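A.B. asks: Going down the list, the protein sequences come from chains A and B. Residue numbers for the first sequence, in my numbering: 1 to 349. Residue numbers for the second sequence, in my numbering: 350 to 698.
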Amino acid sequence: MVEGTGAIRRTAAATLSGHRLTIAVLATGLLALMLAAALVGAYPISPVELLAAVGRRLAGAAPVGQIDTVLFEVRLPRVAAAVLGGAALAGAGAAYQTLFRNPLVSPDILGVSTGAGLGAVLGIFLSLPVFGIQLIAFATGLATVALVYAVASVVHGRDPILVLVLAGVVVGSLAGAAISLLKIMADPYDQLPAIVFWLLGSFSAIRRSEVWATLPMVLVGLLPLLLLRWRINVLSLGDEEAKALGVEAGRLRLVVIAAATLMTAGVVAIAGVIGWVGLVIPHIARMAVGPSFDRLLPTSMLLGGSYLLLVDTLARTMARIEVPIGILTAILGAPFFLWLLMRGREGWS
Amino acid sequence: MRKLLALLLLLAPLAAHARIVVDSAGRKVEVPDRIEKAFAAGPPASILLYMLAPEKMTGWPDPPRAEERPFIAEKYRDLPALGRLTGRGGTANLEVVLKAAPDLILDFGSVRDTYASLADNVQAQTKIPYLLIDGRFEATPKALRLLGEVLGAGERAERQAAYVEATFAEIDAVLAAVATEKRPRVYLARGPDGLETGVVGSINTEIIERAGGRNVADAAGQKGLVRASMEQVIAADPEIILTWDRNFFGKVYDDPLWAGIQAVREKRVYLAPTAPFGWIDRPPSLNRVIGLKWLAGLFYPDRIKQDLRETTQSFYRLFYHVEPSDTELDTLIAWSKGQAPSAAQQPRR
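(1) Please work out which residues of its chain come closer than 6 Å, Cβ to Cβ, to A/A87, disregarding the five sequence neighbours upstream and downstream, and give them in chain order.
(2) Can you name the residues of chain A whose CB is closer than 9 Å to the CB of B/N564?
(3) Tell me the DSSP bridge mates of B/N564?
(4) Which value, in whole angstroms, describes the spacing of the CA atoms of B/G438 and A/D294?
(5) Suppose contacts are defined by Cβ-Cβ distances below 9 Å. Is A/V218 in contact with A/L84 by that definition?
(6) For B/R461, which three-state DSSP category applies?
(7) Taking DSSP as the reference, what is the three-state secondary structure of B/K386?
(8) Going residue by residue through the segment 236-308 of chain A, where are the continuous beta strand (DSSP E) segments of at least 3 residues, counting only ones entirely within it?
(9) Quick check on this structure: which residue in A/L35, A/A90 and A/V25 has the alpha carbon closest to the alpha carbon of A/A260?
(10) For B/N593, which three-state DSSP category applies?
(11) Note down, in chain order, each residue of its chain lying with its Cβ closer than 7 Å to the Cβ of B/D382, except the 5 sequence neighbours on either side.
(12) Whether or not the segment 632-649 of chain B and the segment 503-523 of chain B are in contact is what I'm after, with contact meaning three or more pairs of Cβ atoms, one per stretch, closer than 8 Å; do they touch?
(13) Is the Cβ-Cβ distance between B/P419 and B/P673 less than 9 Å?
(14) Of all Cβ atoms in chain A, is any one closer than 9 Å to the Cβ of B/D630?
(15) Which chain A residues are close to B/V460, counting only those with a beta carbon under 7 Å from its beta carbon?
(16) Residues of the segment 74-98 of chain A in Cβ contact with chain B at a cutoff of 9 Å, in chain order, please.
(17) Which runs of the alpha helix (DSSP H) fall wholly inside the segment 157-219 of chain A and span at least 4 residues, in chain order?
(18) Starting from the N-terminal side, write out each stretch of the beta strand (DSSP E) that is 3 residues or longer and does not extend beyond the segment 474-554 of chain B.
(19) Going by the CB atoms, is the gap between B/G561 and B/V618 shorter than 9 Å?
(20) Taking just the CA atoms, how far does B/P587 sit from B/F486?
(21) Of all the beta strand (DSSP E) runs that stay within the bounds of the segment 60-98 of chain A, which reach a length of 3 or more residues?
(22) Please report the straight-line C-alpha distance between B/D427 and B/K531, rounded to a whole angstrom.
(23) List the residues of chain B whose Cβ lies closer than 9 Å to the Cβ of A/P103, in chain order.
(24) Does the contact criterion of 3 or more C-beta pairs under 8 Å hold for the segment 530-545 of chain B versus the segment 563-574 of chain B?
(25) Taking buried to mean at least 16 other C-beta atoms within 10 Å of its own C-beta, is A/M263 buried or exposed?
(26) Starting from B/D456, follow its DSSP beta bridges and name the residues at the other end.
(27) Could you tell me the distance, in whole angstroms, from the CA atom of B/P429 to the CA atom of B/S578?
(28) When you compare only the Cα positions, how much space is there between B/T407 and A/L142?
(29) Could you spell out the range, first to last residue, of the beta strand (DSSP E) harbouring A/P335?
(30) Just curious, the alpha helix (DSSP H) that A/V151 is in, first and last residue?
(31) Are there 16 or more other CB atoms within 10 angstroms of the CB of A/G333, so buried, or fewer, so exposed?
(32) Measuring only the C-alpha atoms, how far is B/V601 from B/D542?
(33) Could you tell me whether any Cβ in chain B is nearer than 9 Å to the Cβ of A/D159?
(34) Cβ of A/P129 within 8 Å of any heavy atom in the ligand PLP?
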């Protein structure tokens, strides 16, 4: 096993420096984008003022006017949240696509977003405060995937992946029906708009504490994906082949699902349902660095972070009002995906 | 001649029992002379109907909540909940409408083509006359008189219309001396995070302009409810913030993100009561008239002097047919000063 991975590493060594370069370029691009995003917004802050504010912050000096609040409490947390969200969704998407050996799956495939949506809608329906809504959304997102997994694991004698996906579809549409029921029961002038906006997804209300609360979820989810990246690669060959190589598919699958779900649920809880990122970005990453998961994961995350940051910056600057980010990601993602379909199936395993 | 007389005699009962009413959408509707029962198509219409002729209601669209019940006359609190026929989240069943056997269906609000064609369809299907009445704030006296006449409640309609006109006139007299740019800049904070709002020109915020404020959410051309970002609110720096969301109101003064905004610094965030119906919206119907008086007093404390307790009492008496007790009045007044009853969702039914 150890020798096997060593061999894979050696054969990959030739292209490794090229991939390192790709990742370095992407990381630099992300940083540049973050800097640019920090400079634009509804509240006018010039680069000089930005530097001055950062200087004040570092020196521990008293804030001047609203600039410090806008910068450190509103804009930078939002930039961070968009990057974190994009990275987490794209990373989870890459994990799922490798796991399911299917390029058409997204992090929502096992119902985490719909489940979290149901929780959030319930929270709004019960007039809970924001934190309560987020907590219940996070919990129901995890619970939905746990339910899907439990349902799938009592079914024997069929392709386990097919069963998982079907269970995800069934439980997901059940949660969707429950959302619709709550929408009908909700106050149409008060709660219903809040529900609609939540389901469209947005980073507009992000605050620093929420970024700090989500970061550990994403990191805890990311850790097993990073540690197990070689095994996950083997998984993409199929259960039988994986078994022949000494990888126990069932248990590894559980770990990957749990990790990707945690990452997704953490993001969805604070930002609402944001589609397409986890579906489309891993494809672009695969075009750049190939299907090997050890390269796919970091590339997807960097690309996802840049992409969602770009889209969110558009969402908050292109019009005088906010455009819900879920709408933008769909408008940008859907045509790309169609193009991808027309291009035909690419090699991904 | 005799034949003609016979014909006239034959037609006479028809003429005596029906008349043609032109509704706000310009539709000519044949309406019986005596209306015993009327069905309100949505919450705004049900409030208009309750104000003019509660004894003719077939039911409420949604059952009143516990905290709202004391402010609805005892005889009508327990009317059945029949659902909503139009607008957001229609839940009524045409068979329910037919079973209630109203002489008239009534909708109050938008008179756009969609609603006119919906009215035509329902009317053709149920054979029950369907009136569409313009729900814009400015058209309120006209709506009252039109419907008062149709329902045979002309005298009450006249008293209520006169009250509304006097309120408008009182505010206009004050506003005549205040240039537009001197009027307070107001932000309507909806939703538990306060970042949902209505832009200039939407029915949800027209009360702001009517009461002499300027809505800071101005998105050229666009109407309706939108999500704002924290940065936009900070950049707009409103002098006054209005809300009826108790979760938002409960934390706005302790929230560092909102702390620097003028309205928060100057303690000018106001919580609107919502019993039996919202004072400033929720739904956008005649319930806003009391809010209009309240807001004008808040916007121009030096120019408009009023005894809110007395105003509330006379409004609830004339429009809601209740005589609130001293404790009930205390509840409302305290609520309008920020001490709301428990923030938890009150169960319907």
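All residues carry an ideal CB built from backbone N, CA and C; glycine is no exception. Because the structure is a prediction, the values reported are computed rather than measured.
C.D. replies: Result, derived from the coordinates:
(1) M301, G304 and G305
(2) Those do not exist, as B/N564 stays about 12 Å from chain A at its closest Cβ, beyond 9 Å.
(3) B/V535
(4) Only weak support is given to the placement of B/G438: the predicted model assigns it a pLDDT of 49, under 50, and the value that follows is read from those uncertain coordinates. Straight-line Cα distance between these residues: approximately 48 Å.
(5) yes
(6) coil
(7) coil
(8) none
(9) A/A90
(10) The question names Asn, but residue 593 of chain B in the sequence shown is Trp. Correct three-state label for B/W593: coil.
(11) A365, H366, A367 and R368
(12) yes
(13) yes
(14) yes
(15) The premise fails here: B/V460 is roughly 18 Å from chain A at the closest Cβ pair, so nothing lies under 7 Å.
(16) V74, R75 and R78
(17) 160-185 and 191-200
(18) 479-483, 534-538 and 545-547
(19) no
(20) 23 Å
(21) none
(22) 47 Å
(23) What A/P103 touches in chain B: nothing, since even the nearest Cβ is about 33 Å away.
(24) yes
(25) buried
(26) B/L481
(27) 40 Å
(28) 45 Å
(29) Taken as a continuous stretch (DSSP letters only), A/P335 belongs to no beta strand (DSSP E), being part of the alpha helix (DSSP H) at I325 to R343.
(30) V130 to V154
(31) buried
(32) 9 Å
(33) no
(34) Ligands displayed in this structure: none; no statement on the ligand PLP is therefore possible.
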